[in-house]
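First comes the structure, then the notes that go with it.
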Amino acid sequence: MVKDYQLREKLSVAAKGQKFVQEAPVVIVVCAQTDNHTMTCGQLSYPIDCAIAIDHMTLAACSLGLGTCWVGAFYEDDVKKILDIPPEIRVVELLALGYPKPSAIAPKPRLPLEKITMREKWQNL
Ligand SMILES: Cc1cc2nc3c(=O)[nH]c(=O)nc-3n(C[C@H](O)[C@H](O)[C@H](O)COP(=O)(O)O)c2cc1C
């Protein structure tokens, strides 16, 4: 978890200049120490494990009236240098955490469930 302003400023640059990374009072840097375990289905475990953890953080933050934004657009090697993260560790995602603008609180329009779910077998939606 990074609160230091100067570090957040550097992280913002590593995140391709995304200003909100610097403006958010906290940036959670989600890292994995991994042996690159692959599940039987062929997917790597660690990005999925991290995504589960991040999603729980987003929900917990929301329940506290806070806002989050996933940040996947960043240069991993730059983030590692800024935070002294060892080479064998993967930086999977940054999560900016802060107080949302009132305009960001309103629910967004969503596709109806029938447009994104299939029942029983594959269907061309
Ligand atoms: C894996 C992942 C990476 C993302 N990376 C970025 C990012 O680098 N910068 C950004 O502004 N938003 C990023 N987002 C957030 C999306 O732009 C979007 O705001 C968020 O997923 C909410 O989607 P919604 O509009 O469907 O609610 C990312 C989201 C995900 C899931």
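First residue of the sequence shown: 3, per my numbering; consecutive thereafter. Built from N, CA and C at the ideal position, the CB exists for glycine as well.
Asked	Found
Does the stretch 57 to 65 come close enough to the stretch 86 to 96 to have 3 or more Cβ pairs within less than 8 Å?	no
I want to check one thing, is the minimum distance from the CB of residue 33 to the heavy atoms of ligand 1 below 7 Å?	no
Residue 69 to residue 44, Cα distance in whole Å?	33 Å
So does residue 26 have its beta carbon nearer than 7 Å to some heavy atom of ligand 1?	no
What's the gap between the Cα of residue 126 and the Cα of residue 4?	44 Å
What number of angstroms, rounded off, separates the C-alpha of residue 27 from the C-alpha of residue 40?	35 Å
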